[in-house]
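**Student:**
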Amino acid sequence: MSQKNERILSYLLKSIKYPGKQQITSCLSRRDTSVKKYASFKHEEKDLTAFLIFSTLAILGALLTVTARNPIYSVLFLAMTFLQISGLYALLQAEFIAIVQIAVYAGAIMVLFLFVVMFLDVKEIATEKNFHPIAPVCLILALVLLGEFLVFIFYKPSREGGLSETVTAVGQIYGTAENIGRTLFSQYLLPFEVASILLLMAIVGAVVLAKR
Amino acid sequence: MPYILCFTVNRFMSPIPLSYYLVVSTLIFFIGMLGVLTRRNVLIILMSIELMLNAANINFIVFSYYLNSLRGQIFVFFVMTVAAAEAAVGLAVIVYLFRNKNTVNDDEFSLMRW
Amino acid sequence: METMLWVIPALPLLASIVTILGGKRWIREKSHWLPCIGVGISFLLSLITFFQVWNRGTLHQVLYSWISSGDFQVNLTLQVDPLTAVMVVVVSGVSFLIHIYSIGYMHGDEGYHRFFSFISLFTFSMLMLVLSADFLLLYVFWEAVGLCSYLLIGHWYYKKSAADAGKKAFIVNRVGDFGFGLGVMLLFTTFGTLDYQTIFSRSGEFVGKTFPMFGIEFDLLTLTCLLLFMGAIGKSAQFPLHVWLPDAMEGPTPVSALIHAATMVTAGVYLVARCYPLYNLAPKALFIVALIGGFTVFFAATIGLVQNDIKRVLAYSTISQLGYMFMALGVGAYVAAIFHLVTHAFFKALLFLASGSVIHALGGEQDMRNMGGLKDKIPGTYWAFLIGALALAGIPPLAGFWSKDEILMGTFKAGYYVLWILGSATAFMTAFYIFRLIFMTFFGDFRGRHGVEHPIHESPPVMLYPLTVLAILSIFAGWMLGFPPEHGFIHTFLAPTLAETQGTAPLPETTEGGAGLMFFSILVAALGILTAWMFYVKRPEMPVRFAETYPSTYDWLLHKYWFDEIYDTLFVNPTKQFANFLWQGFDDSVIDGVINGIARGIDVMSAKLRRLQSGYLQQYALSMVIGVIVILGIYLLIV
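Protein chains in written order, with our numbering: chain D, 39 to 250; chain H, 45 to 158; chain G, 16 to 654.
What follows is the structure, given as structure tokens:
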């Protein structure tokens, strides 16, 4: 193990000792069990297992969404992906967002997609060629960009002391409905209202476009 | 590379590292991007865009977690609002296009042209 | 009054602006009111200023700081010293009279408002020219009067000859003004300022200094003076830049009277007189001034002998008289030059206005061969003309005699005997050609056809009043200002500014021989008149015989020594050819070719490039991805 990692780990461990976290109790909290000594790593293990399952399924779902011939399958795989992502949110103590993800994405938006797919002539679409002829080029380019991103994630921060090293204490914040609501209706009241106007306009726009 | 070693050796010693989440979100983002670039069906392109948006959302939530700030989650909330609006309008546009051209193949739509 | 100096030029300017803006639509045939009133009040204020200067000495007014850039400071400063006071009174006075005269002369002209606006603008510019207290302002208004001259010569712009004459005047003046501009710059680099007082008071420090140019060391002051004199040559139509003035007669006659006889052309004389402290330190330059003046005197008069156009005779006479002034300046008789400037302004304006009256009476006829016998038909004009002619010829006690005699006397005393002989010979010729004009116009039988159609009529009173005033001035101004010779009013008045530094070119104070010289010049003038009478009244066939006997001489004179033709072949045509080459050979092919080529290249390139604009959204998205790859790659590599 390199010294760099040791440093980061000590950072993270230090952060665990942050006072006040003992009071925070949550169904998703795993910190209280893993404090100081690594006595009960069952939660950690569980977390990691959950993370692996969620992320693998999410990536798989995304791949299938993009590659599926039939749009109906695409929609269903996409819904699955969203559900997995919701699980990731839950792991990250963002319970409200996780619920909203299920309700809005996996629920409302996906139903809308399904509805439109069924509304259009699915069979005709399914028989057509699915990919552009330039798809290989796109794949290569996308891989190049992916490589750049990975370099960015793994190499850059350790070189510059960015990302993880700035972290002092993790997981102090719980995205409960109460917390989110408090923030949303105090600090972010104006954006919230603006968002409502946006939704209204979207409704009107959709109606106008689809009516003709 | 050291990070991956870190994962195998110390997996029980720490919370899941930030970069794991980042890798996941990056992968989802790239799959979405590939979908946008390569698929011909406009519906699937729209779905791929939703994928990309979700990848971004994961990043927001992860950083919210690691930076101890609710701001990221609030942001995700707004992104979802926008995504809902976008999906509604986007699908309406697709329906409209389908009625006009009787296809959802994006090769047929080259209106943004000289 | 001291702080109100700016009103003098401001009034004509205001009148000009209002007239040009509102003239065409609202003021129309009442266009003369504002300029006349404005210039009239200016004239009264000038008189007041004149008496103030007489009593109290130089007036000075700083209006505001015009240019302030580092060391370069130009204040808009007005200054009235005795020299300026004389000029201001002459300019505003003659201008006022000519404004009045123009009411009658220009009546019914379609450019009535334009004419009055421009002539008022000219008055403003000329007043500013003489009022300015530094060289930059002088230069600016030097160009401004040139502009007004151009505008007014081309008043009847639809006549090609008038438009050409305007252009010619402007371009020939450019040649001189080029030198003038260089002179001003040289002054600035030498003295670091353009202010009169500073330059003149410090000019002594630079005696003997040299200035390298083209690898030759020129005497600094001589060079400066010669460059300034170049401007004077152009503006005052001296040899070899005299060619524009006769052509300028294409303009309306009041313009010829005001600009090309009384005021603007004397700006060169004013300039040299203004810079006399510099010239005094540069005797070589003074010598050249005298030389060019003396030559022009004789040269222009000989051409004037044979011209048939009534205004052209007067134009050559003007050149010749201006030559007298430069001759006087050159020999150091500054006061005599200014004196002659004043009297000349009066009698030459009178002559021009009277000739305008003749032309007006004949409905535009200018050729003297088609005139004759007008003495009884337009007696008022005749008398005015006669007085002007006598004044010009130098018959005492009229104005021209005193001033011209003083110049000749000054030349004689300064030892320039050749110039004196030239001047005296010219005095004879002057008397001859002006009385030739009188005899051809007013005596004998009427040779034109004009009277048959509608009777020849005397000019309206509004034209005759200015003639009367100028005639009175021509009679009295000479001895009122300049008697006794060299100790008259004008001498004492100008003494503080002009006389005190005549150190290097002193005039002997003796008046010995003065009476003899005076008598001689009267004799010469009388002889000239007598000869003219012999030629054109007693035996009208003589001039023809003369021309037949010496055809080559006559041709030379009639064609003004072929100067126009020489300049055409030497300068005008090569320039035209060069310009044509630049136009067709260079501009049309090279410049246009480059520009069209660039345009065509862009056209071709964009035809190719617009294929990129396929309209397929995914291709656009792909290009965005490529952009992100590149930017991120650069970021990763560099940062």
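For every residue, glycine included, the Cβ atom is placed at its ideal position computed from N, Cα and C.
#1: Is the Cβ of asparagine 112 of chain H closer than 7 Å to any Cβ of chain D?
#2: Give me the chain H residues within the contact set of isoleucine 2 of chain D, using Cβ-Cβ distance strictly less than 9 Å, ordered along the chain.
#3: Leaving out five residues on either side along the sequence, give the residues of the same chain with a beta carbon under 7 Å from the beta carbon of leucine 114 of chain H.
#4: Provide the residue span of the beta strand (DSSP E) that contains serine 83 of chain G, from first to last.
#5: Counting only runs of 4+ residues fully inside the segment 109-156 of chain H, write out the alpha helix (DSSP H) ranges in chain order.
#6: So with CB distances below 7 Å, who are the chain G contacts of valine 182 of chain D?
#7: Roughly how many angstroms lie between the CA atoms of methionine 156 of chain D and alanine 129 of chain H, to the nearest whole one?
#8: Can you tell me whether glutamine 592 of chain G is buried or exposed? The criterion is at least 16 other CB atoms within 10 Å of its CB, across all chains shown.
#9: If you follow the beta strand (DSSP E) that glutamine 88 of chain G is in, where does it begin and where does it stop?
#10: Inspect the CB distances between the segment 451-461 of chain G and the segment 541-553 of chain G and report whether three or more fall short of 8 Å.
#11: Any idea what DSSP makes of phenylalanine 498 of chain G, helix, strand or coil?
#12: Within a Cβ cutoff of 7 Å, which residues of the same chain sit near isoleucine 140 of chain D, ignoring the five residues on either side of it in sequence?
#13: Taking contact to mean 3 or more Cβ pairs, one atom from each stretch, closer than 8 Å, check whether the segment 293-309 of chain G and the segment 353-363 of chain G are in contact.
#14: Taking buried to mean at least 16 other C-beta atoms within 10 Å of its own C-beta, is phenylalanine 92 of chain D buried or exposed?
#15: For the segment 623-645 of chain G, which residues have a CB atom closer than 8 Å to at least one CB atom of chain D, in sequence order?
#16: Can you give me the C-alpha to C-alpha distance between glycine 185 of chain D and alanine 136 of chain H, rounded to a whole angstrom?
#17: Per the DSSP calculation, aspartate 149 of chain G is bridged to which residue(s)?
#18: Any beta carbon of chain G sitting closer than 7 Å to that of glutamate 186 of chain D?
#19: Identify the continuous alpha helix (DSSP H) that holds phenylalanine 416 of chain G and give its terminal residues.
#20: Run the CB neighbour count on tyrosine 226 of chain D, radius 10 Å, all protein chains shown included, and call it buried at 16 or more, exposed below.
#21: May I ask you to report which of helix, strand or coil DSSP gives proline 269 of chain G?
#22: What does the alpha-carbon distance come out to for the pair asparagine 70 of chain G and aspartate 96 of chain G?
#23: Considering only their Cβ atoms, is the gap separating methionine 143 of chain G from proline 24 of chain G smaller than 7 Å?
#24: DSSP three-state call for threonine 214 of chain D: helix, strand or coil?
#25: So isoleucine 231 of chain G is in the beta strand (DSSP E); what residue range does that whole segment cover?
#26: Bridge partners for proline 227 of chain G per DSSP, in chain order?
#27: In whole angstroms, give me the CA-to-CA distance for valine 245 of chain D and asparagine 168 of chain D.
#28: Please return the same chain residues whose Cβ sits closer than 6 Å to the Cβ of proline 475 of chain G, not counting the five positions on each side in sequence.
#29: For aspartate 210 of chain G, which residues of its own chain have a beta-carbon under 6 Å away from its beta-carbon, when the five flanking residues on both sides are left out?
#30: In chain order, what residues of the same chain have a beta carbon less than 7 Å from the beta carbon of alanine 117 of chain D, not counting five sequence neighbours either side?
#31: If we define contact as Cβ-Cβ less than 7 Å, is leucine 137 of chain D a contact residue for chain H?
#32: Taking the alpha-carbon of leucine 112 of chain G as reference, which of G:Ser57, G:Ser83, G:Trp81, G:Ser251 has the nearest alpha-carbon?
#33: Classify phenylalanine 354 of chain G as helix, strand or coil using the three-state DSSP reduction.
#34: Using a cut-off of 8 Å between C-beta atoms, extract the partners of isoleucine 147 of chain D located in chain H.
#35: Between serine 78 of chain D and chain G, is any beta-carbon pair separated by less than 7 Å?
#36: Against chain H, with Cβ distances strictly below 7 Å, would proline 109 of chain D count as a contact?
**Tutor:** By the coordinates alone:
#1: For asparagine 112 of chain H, the answer is yes, since a Cβ of chain D falls inside 7 Å of its Cβ.
#2: The requested residue 2 of chain D does not occur in the structure, where chain D is confined to residues 39 to 250.
#3: Ser108
#4: 74-84
#5: 115-145
#6: Ile644
#7: 20 Å
#8: exposed
#9: Bounds of the beta strand (DSSP E) holding glutamine 88 of chain G are 87-95.
#10: yes
#11: coil
#12: Leu121, Ser124, listed in sequence order.
#13: no
#14: buried
#15: Gln633, Leu637, Val640, Ile641, Val643, Ile644
#16: Rounded to the nearest angstrom, the two C-alpha atoms are 36 Å apart.
#17: G:Asp210
#18: Interface residue, yes.
#19: 414-429
#20: buried
#21: helix
#22: 11 Å
#23: yes
#24: coil
#25: Looking at the DSSP string, the run of the beta strand (DSSP E) that includes isoleucine 231 of chain G is 231-234.
#26: In the DSSP output, where bridge partners are listed per residue, proline 227 of chain G has G:Glu232.
#27: Using only the alpha carbons, I get a separation of about 29 Å.
#28: Gly119
#29: Asp149
#30: Ala144, Met148
#31: It is worth fixing the name first, because residue 137 of chain D is isoleucine in this sequence and not leucine. So, not an interface residue.
#32: G:Ser57
#33: helix
#34: Glu94, Ala127, Ala128, Ala131
#35: Per-residue confidence for serine 78 of chain D stands at a pLDDT of 38, beneath the threshold of 50, marking its modelled position as unreliable; no derived number is given.
#36: yes
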